[in-house]
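Notes follow the structure.
Protein chains: 4
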Amino acid sequence: MPALVPFVSERETPSCRSATIPRMDEASTARFEAFSDGVFAIAATLLVLEFAVKGPSPTAPPLGNQLLHLWPSYLAYVTSFVTIGIIWMNHHHAVSLMGRTDRTMLFLNILLLLTIAFLPFPTKLVAQFLGHEGERAAALAYTATFVLMSVLYNAWWRYASTGRRLIADGVPDSSLHAISRAFNPGVPMYASVFVVAFFSPLTAVFLTFAIAAFYLPSAALFDR
Amino acid sequence: MPALVPFVSERETPSCRSATIPRMDEASTARFEAFSDGVFAIAATLLVLEFAVKGPSPTAPPLGNQLLHLWPSYLAYVTSFVTIGIIWMNHHHAVSLMGRTDRTMLFLNILLLLTIAFLPFPTKLVAQFLGHEGERAAALAYTATFVLMSVLYNAWWRYASTGRRLIADGVPDSSLHAISRAFNPGVPMYASVFVVAFFSPLTAVFLTFAIAAFYLPSAALFDR
Amino acid sequence: MPALVPFVSERETPSCRSATIPRMDEASTARFEAFSDGVFAIAATLLVLEFAVKGPSPTAPPLGNQLLHLWPSYLAYVTSFVTIGIIWMNHHHAVSLMGRTDRTMLFLNILLLLTIAFLPFPTKLVAQFLGHEGERAAALAYTATFVLMSVLYNAWWRYASTGRRLIADGVPDSSLHAISRAFNPGVPMYASVFVVAFFSPLTAVFLTFAIAAFYLPSAALFDR
Amino acid sequence: MPALVPFVSERETPSCRSATIPRMDEASTARFEAFSDGVFAIAATLLVLEFAVKGPSPTAPPLGNQLLHLWPSYLAYVTSFVTIGIIWMNHHHAVSLMGRTDRTMLFLNILLLLTIAFLPFPTKLVAQFLGHEGERAAALAYTATFVLMSVLYNAWWRYASTGRRLIADGVPDSSLHAISRAFNPGVPMYASVFVVAFFSPLTAVFLTFAIAAFYLPSAALFDR
Numbered sequence: 101m102p103a104l105v106p107f108v109s110e111r112e113t114p115s116c117r118s119a120t121i122p123r124m125d126e127a128s129t130a131r132f133e134a135f136s137d138g139v140f141a142i143a144a145t146l147l148v149l150e151f152a153v154k155g156p157s158p159t160a161p162p163l164g165n166q167l168l169h170l171w172p173s174y175l176a177y178v179t180s181f182v183t184i185g186i187i188w189m190n191h192h193h194a195v196s197l198m199g200r201t202d203r204t205m206l207f208l209n210i211l212l213l214l215t216i217a218f219l220p221f222p223t224k225l226v227a228q229f230l231g232h233e234g235e236r237a238a239a240l241a242y243t244a245t246f247v248l249m250s251v252l253y254n255a256w257w258r259y260a261s262t263g264r265r266l267i268a269d270g271v272p273d274s275s276l277h278a279i280s281r282a283f284n285p286g287v288p289m290y291a292s293v294f295v296v297a298f299f300s301p302l303t304a305v306f307l308t309f310a311i312a313a314f315y316l317p318s319a320a321l322f323d324r
Numbered sequence: 101m102p103a104l105v106p107f108v109s110e111r112e113t114p115s116c117r118s119a120t121i122p123r124m125d126e127a128s129t130a131r132f133e134a135f136s137d138g139v140f141a142i143a144a145t146l147l148v149l150e151f152a153v154k155g156p157s158p159t160a161p162p163l164g165n166q167l168l169h170l171w172p173s174y175l176a177y178v179t180s181f182v183t184i185g186i187i188w189m190n191h192h193h194a195v196s197l198m199g200r201t202d203r204t205m206l207f208l209n210i211l212l213l214l215t216i217a218f219l220p221f222p223t224k225l226v227a228q229f230l231g232h233e234g235e236r237a238a239a240l241a242y243t244a245t246f247v248l249m250s251v252l253y254n255a256w257w258r259y260a261s262t263g264r265r266l267i268a269d270g271v272p273d274s275s276l277h278a279i280s281r282a283f284n285p286g287v288p289m290y291a292s293v294f295v296v297a298f299f300s301p302l303t304a305v306f307l308t309f310a311i312a313a314f315y316l317p318s319a320a321l322f323d324r
Numbered sequence: 101m102p103a104l105v106p107f108v109s110e111r112e113t114p115s116c117r118s119a120t121i122p123r124m125d126e127a128s129t130a131r132f133e134a135f136s137d138g139v140f141a142i143a144a145t146l147l148v149l150e151f152a153v154k155g156p157s158p159t160a161p162p163l164g165n166q167l168l169h170l171w172p173s174y175l176a177y178v179t180s181f182v183t184i185g186i187i188w189m190n191h192h193h194a195v196s197l198m199g200r201t202d203r204t205m206l207f208l209n210i211l212l213l214l215t216i217a218f219l220p221f222p223t224k225l226v227a228q229f230l231g232h233e234g235e236r237a238a239a240l241a242y243t244a245t246f247v248l249m250s251v252l253y254n255a256w257w258r259y260a261s262t263g264r265r266l267i268a269d270g271v272p273d274s275s276l277h278a279i280s281r282a283f284n285p286g287v288p289m290y291a292s293v294f295v296v297a298f299f300s301p302l303t304a305v306f307l308t309f310a311i312a313a314f315y316l317p318s319a320a321l322f323d324r
Numbered sequence: 101m102p103a104l105v106p107f108v109s110e111r112e113t114p115s116c117r118s119a120t121i122p123r124m125d126e127a128s129t130a131r132f133e134a135f136s137d138g139v140f141a142i143a144a145t146l147l148v149l150e151f152a153v154k155g156p157s158p159t160a161p162p163l164g165n166q167l168l169h170l171w172p173s174y175l176a177y178v179t180s181f182v183t184i185g186i187i188w189m190n191h192h193h194a195v196s197l198m199g200r201t202d203r204t205m206l207f208l209n210i211l212l213l214l215t216i217a218f219l220p221f222p223t224k225l226v227a228q229f230l231g232h233e234g235e236r237a238a239a240l241a242y243t244a245t246f247v248l249m250s251v252l253y254n255a256w257w258r259y260a261s262t263g264r265r266l267i268a269d270g271v272p273d274s275s276l277h278a279i280s281r282a283f284n285p286g287v288p289m290y291a292s293v294f295v296v297a298f299f300s301p302l303t304a305v306f307l308t309f310a311i312a313a314f315y316l317p318s319a320a321l322f323d324r
């Protein structure tokens, strides 16, 4: 069981310290932040690869028509992009309150990122299958990814905040409670949307969009 | 309505402060800058995925010929790449003048990035369809994306600068006016090009290129 | 033979120094760290592009069935993602102990990154071919990439640490030994898995997953 | 003609200054460095997308055979990856010697990045066509990209260094001469390889690899 050691951000401290005295006692928070930054931005930008049209060829439908029929692609793109963007902002804020990290946290973070980096695939499924045979499976895969993401993200935050396990000393409890309050509705909301996907795939995708448009932004700003 | 709070860049300040005193009053400007950086670079680099040739196979046209006929791809690639590059540089400059952020700004920024990350798709449409059946729809989709981008970018800047809402204290008004002057022609120019696309898709793409080559660079440097 | 010169991190030092006195004596450690950061994050996120389904079309199998049959894709994705994530964290930690770099190190680092950036391809091979004709070749390609990666990563660390060649002055030997102990089992473990792939491709992929899940995380934290 | 203004790195300075006094006199060097970092890393990592095999299907050749016949892909991948990696390291070093930037430099830098971000496409052409009908056109496109890259990179450096136009005050001339000496052979070498591509595409690709393996690494380290 690793000791919980204080850490200082790896990227900034050298400027005010001797470069020849490495920080032996830091854990990996700064490192997993850099990893996280990259994964969030790339996952969001890869979403655009879901868009596809046929042609130009004599047998392809007119491009204008094709672009209008892509509306599930636009809907899924906006939903996933906004969700990733807001999770990223939350993630930075939460990490800024932590003063140390440990082995379990490291692993929870990698699992969370792994789920976020996976999002372009179910997003593409929704884009391709909504309105076609297979739309139920697509919507279930899409909403299941959001359930998994919210479960991991909640576990990530609870592990860090319970008993102030990884929280820096100067952080007031009210800041932690504000974040916890914002996190609490995530899992039940996405779980409900997953259930809805069994009955109406289209409604489930719209609800996922609504969460991104209305719930997440307010949650992103906590009590500030 | 969130209070407008001063912010300091999250990435740099810890080096000269205690790591155990988190900055509770910062808003998300530093965080959305990191997100923006990643999205700009990836969107620009994904543009290369639009290039495609057939073969090698007995039925494919000679590769040399194919490469010459790719000129709409080259044109669309250069236009989109230069536009993203310059918008990124402007974005950094504008953010450097801001001393705080708020909920509305956050959302405008995500919408702006969402549009920029979308650009590889209409760029690919122009590359595939220019000179073929469907070129009008491709050029309309392409120029409409630039219109949307310039509208969002103007809204983004006006929201920040009106009444110096998010501007840091030491910034002279002349700097703001220089940026506003550079921003003003964007929407009418791109809207005109969108109208041109109805009549001549090729001309519209060339005009978009001309804006990237002549208007944007001077706008990028403001009054410096 | 280049002199071993001290380096200071390029990104941080300017904040407390005059910007007009460039650091002439720095070598390229800070620069190859920035390059490394980008490559790790992008390679991990590109893994998602391996996922593919057919349809929607009348002849495609039901999407739900297709998603269940994708289990080799899920397995390969998780294995490769976790491995890249942990190697990245190790890499940052090891570099933080170095006080200088040289020409050989530079080249070893580029070769290591080249192998990591290659990983999405054998990962896709496993995803496509496991359970089909060709699964042996796919598993051999996959495990061979891990062997190459571990050989290069060991060479990278041994070159830096032997005789404290590139290690900063204040670093205690115990820290180096802890890393070396963690590195030692890598090559024999992956080489054994490569041999297993000749006899049972599926077992080899599961063993690679087990290494990512059990061996790497403990190695990632060294003696902390 | 814009005034040549001193710049300080945007990312680091705020930590030791008041956040409310923006740096009005900086030009865009820090900003184009951030853009450059992202583009280099992503272009290098996208190279892996050139690898493709057929199957699994009854009509596809055995996977093992296919992997062996991919050698042009491996060769092109290593050549392009190493070249991008080394150009990136050079780029950082050269920028670290500059104390200001201007409009022309900005544009040269975007053109250089545009060429580097383009490299995955001709790399894929070589991977697909070497040994097939069309290999001459592929090798010409590949080597032409390197010629263009070296011409732009030389122009970029000459513009900055001639008469110390953009060089910071404390930089000794010997450092500039070392870089110029390293840059000088680039254009004639790549131009010769381009000529070779007319007669022997395979030889031209091997020569491009040899330059990446032998010339670039020594050039990357200048006189250090």
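Residue numbers (this note's numbering), protein chains in the order written: chain W, 101 to 324; chain F, 101 to 324; chain D, 101 to 324; chain L, 101 to 324.
Quick reminder that beta carbons are idealized off the backbone N, C-alpha and C, glycines included.
This one's a predicted model, so the numbers in the text were calculated from it and none came from an experiment.
8 Å Cβ cut-off: residues of chain L touching Phe294(D): Ordered by position in chain L, no residue passes the 8 Å Cβ test against Phe294(D), which lies about 15 Å from the chain.
Just to confirm the assignment, what range does the alpha helix (DSSP H) spanning Ser280(L) have? 273-283
Taking a Cβ distance cut-off of 8 Å, strictly less, list which residues of the segment 184-212 of chain F are near chain W, in chain order. Arg203, Leu206, Phe207, Ile210
On the CB-based measure, 16 or more other CB atoms within 10 Å of its CB, does Glu137(D) come out buried or exposed? Checking the sequence, you will find Asp at residue 137(D) rather than Glu. Buried, since its Cβ has 16 or more Cβ neighbours within 10 Å.
Assign Arg264(W) to one of three DSSP states: helix, strand, or coil. helix
Return the chain-ordered list of same chain residues with a C-beta closer than 8 Å to the C-beta of Lys154(L), the five sequence neighbours on each side being excluded. Ala160, Pro161, Gln166
Please list, in chain order, all residues of the same chain as Leu276(F) whose beta carbon is under 8 Å from its beta carbon, the five residues on each side excluded. Leu197, Ser261, Arg264, Ile267
Assuming the contact rule is C-beta atoms closer than 8 Å, Pro222(L) and Ala241(L) should be a hit. Round their C-beta distance to whole Å, please. 5 Å
On a CA-only basis, which of Phe298(L), Ala304(L), Ala217(L), Gly231(L) is nearest Ile184(F)? Give me that one, please. Ala217(L)
Strictly by DSSP, which residues pair up with Thr245(L)? Note: Thr245(L) sits in no beta bridge, so no partner.
Shorter than 8 Å from the beta carbon of Pro220(F) to some beta carbon of chain W? yes
Going by C-alpha distance, which of Phe140(F), Gly164(F), Leu146(F), Ala310(F) is nearest Glu233(L)? Gly164(F)
Would you check if there are 3 or more beta carbon pairs closer than 8 Å linking the segment 140-158 of chain W to the segment 173-183 of chain F? no
Cα-Cα separation, Thr215(L) to Ala144(L): 12 Å
Name the chain W residues that come within less than 8 Å of Val182(D), Cβ to Cβ? Ile210, Leu214
Val305(W) and Ala239(W) - do their beta-carbons sit closer together than 8 Å? yes
Starting from Tyr174(D), trace the alpha helix (DSSP H) both ways and give me its first and last residue. 171-196
Closer than 7 Å between beta carbons: that is the criterion. Which residues of the segment 134-149 of chain F meet it against chain W? Ala134, Phe135, Gly138, Val139, Ile142, Ala143, Leu146
Less than 8 Å separating the beta-carbons of Leu213(L) and Val139(L)? yes
Taking 8 Å as the threshold (C-beta atoms), are Leu252(L) and Leu208(L) in contact? yes
Among Ala141(L), Pro288(L), Glu133(L), which residue has its Cα nearest to the Cα of Phe181(L)? Ala141(L)
Can you check which of these residues, His192(F), Ser173(F), Gly231(F), Ala237(F), is closest to Leu168(W) by C-alpha distance? Ala237(F)
Between Tyr259(F) and the rest of its own chain, which residues show a CB-CB distance below 8 Å, the 5 nearest in sequence each way excluded? Thr204, Met205, Leu208, Arg265, Leu266
In or out: Ser274(L) buried (at least 16 other Cβ within 10 Å) or exposed? exposed
Check the DSSP bridge columns for Arg203(W) and list the partner residues they point to. In the DSSP output, where bridge partners are listed per residue, Arg203(W) has none listed.
Would you mind reading off the limits of the alpha helix (DSSP H) that contains Phe299(F)? 286-299
Quick one: give me the first and last residue of the alpha helix (DSSP H) that Lys154(L) is part of. Neither: Lys154(L) is in no alpha helix (DSSP H) and is coded neither H nor E.
Going by C-alpha to C-alpha distance, which of Pro301(D), Phe229(D), Arg281(D), Gly270(D) sits closest to Gly199(D)? Gly270(D)
Tell me whether Leu230(F) sits in a helix, a strand or coil according to DSSP, three-state version. coil
Can you check whether the CB of Phe246(W) is closer than 8 Å to the CB of Thr308(W)? yes
Which chain L residues are close to Phe151(F), counting only those with a beta carbon under 7 Å from its beta carbon? Phe221
Asn284(W), buried or exposed, once every other Cβ within 10 Å from all chains shown has been counted against 16: exposed
Whose C-alpha, out of Leu149(D), Pro172(D), His192(D), is nearest the C-alpha of Ile279(D)? His192(D)
With a cut-off of 8 Å on the beta carbons, I'd call Ala194(L) and Trp257(L) a contact; round off their distance for me. 6 Å
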